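Heads up: the sequence shown begins at 1 in full-length UniProt numbering, then just goes up one per residue.
Yeah, the Cβ is synthetic: ideal placement off N, Cα and C, and Gly gets one too.
Here the structure is a predicted model, which is why all the values come from computation and not from measurement.
As structure tokens, the structure follows; a few thoughts come after it.
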Amino acid sequence: MSESKTKSDSTDTGFSAMKVRPRARVTLRTRQPLMGQAIFGDVVAAAIVGSNIIPNVEMPLFELVWTSQIIVPNSEGALSFHLREACLTFHLHKDVPELIPNNIEDVLDEAFKSFNIFYDYNYIFWIVHPGGLAILDLVEEKLGLKPEKMRGSKHVLSEYGNLASICVLFILDEMRRKSKETNQSFYNG
């Protein structure tokens, strides 16, 4: 079992969080062997997901209304993670940054057609996985988003880097924290 360093951190949610810096081996299977260490950060996050809320006892911050999955054309094998006994390996194809902005409108049209959100993507709040600043900028440009719509994603990227899938939980928390500080809703950026 690998050693890890821990640091306690009390957040404004009343929960005690623990930041863990594992010393596990991470490898990236590309021609640049250190890219995984340069791209992905190590963090731990958790979310409690439930149903049938108990009124006056449970107070959810977000509600999951609908889910879907869409396979982007020509994306097979573009990005994969493999958990092994000794390490986590990443397989990252060089075309991943182009796949997202080139397909974002088709994916969103499919996802939002049941909600009648077609042309004004500034109507909703955004949590975009910050694979990199270039990807965020291209998505913002492609969808005509106001700069404040990507503020949470860009802040998490600048503070922590690319945290793999966990980024979305960090962005949700950043939006929650900013909303509390400014007394603005998520929808106002």
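Remark: C-beta atoms of Lys142 and Glu105 approach each other more closely than 8 angstroms. Shortest Cα-Cα distance from Ser51 to any of Asp42, Val65, Ile171 involves Val65. With contact defined as three or more Cβ pairs closer than 8 angstroms, the stretch 134-141 and the stretch 159-174 are not in contact. For the set Lys146, Gly132, Gly152, Pro130, the Cα lying nearest the Cα of Asp120 is the one of Lys146. The closest CA to that of Leu88, considering only Glu159, Ile71, Asp42, is found on Asp42. When rounded, the separation of the alpha-carbon atoms in Met59 and Ala78 is 39 angstroms. In the structure shown, the three-state DSSP call for His129 is coil.
When the five nearest sequence neighbours on each side are left out, the beta carbons in the same chain lying within less than 6 angstroms of the beta carbon of Glu140 are those of Met150, in order along the chain.
With fewer than 16 neighbouring CB atoms inside 10 Å of its own CB, Gly144 falls in the exposed class. Membership of His82 in the beta strand (DSSP E) is indicated by the continuous run 79-83. Residue environment for His129: buried (at least 16 other C-beta atoms within 10 angstroms of its C-beta). When the Cα atoms are used, Glu181 and Glu159 turn out to be separated by approximately 18 angstroms. By the neighbour-count criterion, in which 16 or more other beta carbons inside 10 Å mark a residue as buried, Phe62 falls on the exposed side.
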